[in-house]
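Numbering (the working numbering), first residue to last: 1006 to 1421.
Note that CB positions come from ideal geometry on N, CA and C, so glycine has one too.
Computed from a predicted structure; not experimentally measured.
Here the structure comes first, spelled out in C-alpha cells, and everything after it is commentary.
Right, here's the structure in full:
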C-alpha cells in the first residue's frame, strides 16, 4: 500500500544528493523555502567522495575561454550556467565553508587537505542548519496516476507532492554509487527527449597480443603525446600519461580524448589513436640516432639511452610495428613519433568516470525546466553535456545546480 508522506505542496523535492542537487538545495533553503532532498543511497554525495580519492580536484584555474571550450558542442549551454557561477565563484564558495584551496602545477584546483570528506561535512552542516531535510534510502520510481512522486523506502512505497521538483540523478556510470541511469525510461515515457547514455572519460579496448597483455598490463606510459581526429577532421593532441591495460588503454590522457574517440567508434566501428612516445625528440634526431652503428648494443638499450624509451614503450613498438619497420631506422623513427593504435570499443559504461548523453537541451526551457512537465527541473550530469576530468565536470554540476535553484525560485514567484 502506498502512503502519502508529504502533502505539503510548499516544499521543494530534490531527487539526487550529488553536487547539483545539494547546490540547488542550498539556494532554495537560503531563500526560506522548505527543501526535502531524496537519495537512493544510505548517504548523500557518494560519487563526490569517490572523486576525491587520491586528491579532490574541485575545479580548474584555466582562463575563461579555454575553460569553456572543454565542454565542446555544449559550450554555449554550459556557458549560461558558468555566467552565474564560474570556477572562481566556486572557489569563493568553498572558502566560505572554511575550506582553503590551492592551484596545483597543472592548473587544477584542490582543497588544501586534498580531501572531499571535510568539504562535504561542512556543506551538509550548513544545509541542515538551513532546514534541508535529507531522506536517504529513498529510490525514486517515477510518478503515480495523480502525478505525485513515488519512492521505494525501507518502510515501503510512499508518494510525495511538492511545489516543484528537481531531478539531479546523475548519469549512467558507477551504478553502485547511485548513478545508474534508471531515470531515463521514466522520463522518456513522459515525452521527454533523452539521448542514450554512453561512456565518457573512459578506457578503450585494443586487441593486444598475449605477451603484451600478460607482461605489461598495468604499466604506465609516461611523458607521451596522444592524438586523434575530431568528427570535423581536426587533430586533437594532449600530453600526459596513460596506462596500458590487459586489453587496451586508460588513464587521464586517454580520458581527455574519450569523446572524440567514442565518436569515431560510433561512426566507423573503430577509432585511431596516434602516440608520440618521445615528444622531446624530433623524428630527424631519432632517425640519425637509430642509423648509427650500435656497437654491440641491443635495440632496446639504444632506445632507452638515446630516446628515453622504457621497456613498456619498446614493447608497444614491437606490438604495433612490423619487423621490417623495426629494422628500418626511418620507419622506426616515424613509428616512435606517431605509433598507430586501433581501438575497437570503449570500456563498459559502469566503469566510466562519467557519461555522455541524457536529457536533451531541446527538452528543457532556458531555466532547465522540462517542457513536458512544468514544475519539474533537471540539473547535473543527467543533462546532455560532457567534459574531461580536471575539475570541469564538477564545476558544471555545481553551476547547473545553482542555475536550477534560482530558476525554481523564479518559477514559483511566477505561479503566485
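Worksheet item: Are residue 1042 and residue 1019 closer than 8 Å when you measure CB to CB?
Response: Translated into the one-based positions of the chain shown, residue 1042 becomes position 37. Translated into the one-based positions of the chain shown, residue 1019 becomes position 14. Taking 8 Å as the cut-off, the beta carbon of residue 1042 is found closer than this to the beta carbon of residue 1019.
Discussion item. For residue 1170, which residues in the same chain have their Cβ closer than 6 Å to its Cβ, ignoring the five residues on either side in sequence?
Written reply: Along the chain shown, one-based indexing puts residue 1170 at 165. So the list reads 1018, 1381, once near-sequence residues are dropped.
Worksheet entry | Sheet register partners of residue 1281 (DSSP bridge) | To locate residue 1281, count along the chain shown from 1; it is residue 276. Beta-bridge analysis with DSSP links residue 1281 to 1230.
Worksheet item: For residue 1036, which three-state DSSP category applies?
Response: Counting from 1 along the chain shown, the entry for residue 1036 is found at position 31. Coil, per DSSP.
Worksheet item: How far does the alpha helix (DSSP H) with residue 1084 in it reach, from first residue to last?
Response: One-based indexing of the chain shown puts residue 1084 at position 79. Start and end: 1080-1089.
Discussion item. Spatial neighbours of residue 1161 within its chain, please: C-beta separation below 6 Å, excluding the five flanking residues on both sides.
Written reply: As a first step, residue 1161 is located in the chain shown; it is residue number 156 there, counting from the start. So the list is empty, once near-sequence residues are dropped.
Worksheet entry | Which listed residue (1226, 1241, 1227) has its alpha carbon closest to that of residue 1233 | Residue numbering aside, residue 1233 sits at position 228 when the chain shown is read from its first letter. Of the residues 1226, 1241, 1227, the one whose Cα lies closest to the Cα of residue 1233 is 1241.
Discussion item. Whole angstroms are fine: how far does the CA of residue 1222 sit from the CA of residue 1130?
Written reply: Along the chain shown, read from residue 1 onward, the residue named residue 1130 stands at position 125. Along the chain shown, read from residue 1 onward, the residue named residue 1222 stands at position 217. Approximately 44 Å between the Cα atoms of the pair.
Discussion item. Judging by CA-CA distance, which residue of 1376, 1397, 1402 is the nearest neighbour of residue 1385?
Written reply: Translated into positions along the chain shown, residue 1385 becomes position 380. The residue with the shortest Cα to Cα distance from residue 1385 is 1402.
Discussion item. Among 1296, 1269, 1414, 1096, whose alpha-carbon lies nearest the alpha-carbon of residue 1347?
Written reply: Your numbering for residue 1347 matches position 342 in the chain shown. Measuring from the Cα of residue 1347, the nearest candidate turns out to be 1269.
Discussion item. Which residues does DSSP list as the beta-bridge partners of residue 1466?
Written reply: Residue coverage of the chain in this structure runs from 1006 to 1421, which leaves residue 1466 outside it and unanswerable.
Worksheet item: Does the region 1340-1359 touch the region 1171-1181, meaning 3 or more C-beta pairs lie closer than 8 Å?
Response: Touching, yes, given that three or more Cβ pairs across the two stretches are closer than 8 Å.
Item to complete: Leaving aside the five residues before and after residue 1275 along the sequence, list all residues of the same chain whose C-beta is less than 6 Å from its C-beta, in chain order.
Response: Residue mapping note: residue 1275 aligns to position 270 of the chain shown, counting from 1. The residues are 1347, 1349.
Fill in: residue 1074 classed as buried or exposed, judged by whether at least 16 other C-beta atoms fall within 10 angstroms
For the purposes of this step, residue 1074 is taken as the residue at position 69 of the chain shown. Exposed, since its Cβ has fewer than 16 Cβ neighbours within 10 Å.
Item to complete: Please name the residue, chosen from 1394, 1319, 1136, 1098, that lies closest to residue 1061 on a Cα-to-Cα basis.
Response: Taking the first residue of the chain shown as position 1, residue 1061 is located at position 56. Among 1394, 1319, 1136, 1098, the Cα nearest to that of residue 1061 is on 1394.
Item to complete: Give the DSSP bridge partners of residue 1269, in chain order.
Response: Here residue 1269 refers to the residue found at position 264 when the chain shown is read from its first residue. Answer is none; residue 1269 lacks a bridge partner.
Worksheet item: Using a threshold of 7 Å, is the CB atom of residue 1244 nearer than that to any non-hydrogen atom of the ligand COA?
Response: Only the bare structure without any ligand can be found here, which leaves the ligand COA out of the picture.
Item to complete: Determine the closest residue to residue 1258 out of 1192, 1362, 1205, with distance taken between C-alpha atoms.
Response: In the chain shown, counting from the first residue as 1, residue 1258 sits at position 253. Checked all of 1192, 1362, 1205; the closest Cα to residue 1258 is 1205.
Discussion item. Once DSSP output is grouped into helix, strand and coil, what is the label at residue 1061?
Written reply: Translated into the one-based positions of the chain shown, residue 1061 becomes position 56. Residue 1061: coil per DSSP, three-state reduction.
Worksheet entry | Beta-carbon proximity check, residue 1267 vs residue 1203, cutoff 8 Å | Here residue 1267 refers to the residue found at position 262 of the chain shown. Here residue 1203 refers to the residue found at position 198 of the chain shown. Contact flag set, yes.
Item to complete: Check residue 1138 in the structure and name its three-state DSSP category.
Response: As a first step, residue 1138 is located in the chain shown; it is residue number 133 there, counting from the start. If DSSP states are grouped into helix, strand and coil, residue 1138 belongs with the strands.
Fill in: C-beta contact flag for residue 1341 and residue 1291 at 8 Å
Indexing the chain shown from 1 puts residue 1341 at position 336. Indexing the chain shown from 1 puts residue 1291 at position 286. It is a contact, given that the beta carbons lie within the stated cut-off.
Worksheet item: What first and last residue would you give for the beta strand (DSSP E) that runs through residue 1161?
Response: Taking the first residue of the chain shown as position 1, residue 1161 is located at position 156. Its beta strand (DSSP E) spans residues 1161-1165.
Worksheet entry | Beta-carbon proximity list for residue 1299, same chain, < 7 Å, skipping 5 on both sides | Here the question's residue 1299 lines up with position 294 in the chain shown. Within the same chain, residue 1299 has close Cβ partners 1307.
Practice prompt. Take residue 1418 and list the residues in its own chain whose beta-carbon comes closer than 7 Å to its own, dropping the five residues that flank it on each side.
Written response: Working through the chain shown from its first residue, we reach residue 1418 at position 413. Hits under 7 Å: none found.
Practice prompt. If I'm right that residue 1175 touches residue 1410 with Cβ under 8 Å, what's the distance once you round it to whole angstroms?
Written response: Stepping through the chain shown from its first residue, residue 1175 is reached at position 170. Stepping through the chain shown from its first residue, residue 1410 is reached at position 405. That pair is no contact at about 17 Å.
Item to complete: In the DSSP assignment, find the alpha helix (DSSP H) that holds residue 1071 and state where it starts and stops.
Response: Here residue 1071 is taken as the residue at index 66 of the chain shown, counted from 1. Residue 1071 -> alpha helix (DSSP H) spans 1069-1074.
Practice prompt. Specify whether the region 1318-1335 and the region 1142-1151 touch according to this definition: at least 3 beta carbon pairs, one from each stretch, less than 8 Å apart.
Written response: By the Cβ rule, the region 1318-1335 does not count as touching the region 1142-1151, because fewer than three pairs are nearer than 8 Å.
Discussion item. Checking 8 Å against the spacing of the C-beta atoms, do residue 1099 and residue 1116 come in under that value?
Written reply: The count along the chain shown starts at 1 and reaches residue 1099 at position 94. The count along the chain shown starts at 1 and reaches residue 1116 at position 111. Remark: C-beta atoms of residue 1099 and residue 1116 approach each other more closely than 8 Å.
Discussion item. My output table needs one value for residue 1365: the three-state DSSP class, helix, strand or coil.
Written reply: Counting from 1 along the chain shown, the entry for residue 1365 is found at position 360. Secondary structure of residue 1365 (DSSP, three-state): coil.
Worksheet item: At which residues does the alpha helix (DSSP H) containing residue 1317 begin and terminate?
Response: Here the question's residue 1317 lines up with position 312 in the chain shown. Its alpha helix (DSSP H) spans residues 1316-1325.
Discussion item. Buried or exposed for residue 1065, going by 16 or more other Cβ atoms inside 10 Å?
Written reply: Residue mapping note: residue 1065 aligns to position 60 of the chain shown, counting from 1. Flag for residue 1065 reads buried.
Item to complete: Could you give the DSSP three-state label for residue 1224: helix, strand or coil?
Response: The residue given as residue 1224 occupies position 219 in the chain shown. Assignment of residue 1224 by DSSP, reduced to helix, strand and coil, places it in the strand class.
Item to complete: For residue 1285, I'd like the list of residues in its chain whose CB is within less than 8 Å of its CB, leaving aside the five on either flank, ordered along the chain.
Response: Start at 1 with the first residue of the chain shown, and residue 1285 comes out as number 280. Correct list, in chain order: 1228, 1313.
Practice prompt. Return the Cβ separation of residue 1405 and residue 1373 in integer angstroms, given the expectation that the two are a contact with Cβ distance under 8 Å.
Written response: The residue labelled residue 1405 in the question sits at position 400 within the chain shown. The residue labelled residue 1373 in the question sits at position 368 within the chain shown. Confirmed, about 7 Å.
Discussion item. Give me the DSSP bridge partner(s) of residue 1260.
Written reply: The sequence position of residue 1260 within the chain shown is 255, counting from 1. Residue pairing by DSSP places residue 1260 in no beta bridge whatsoever.
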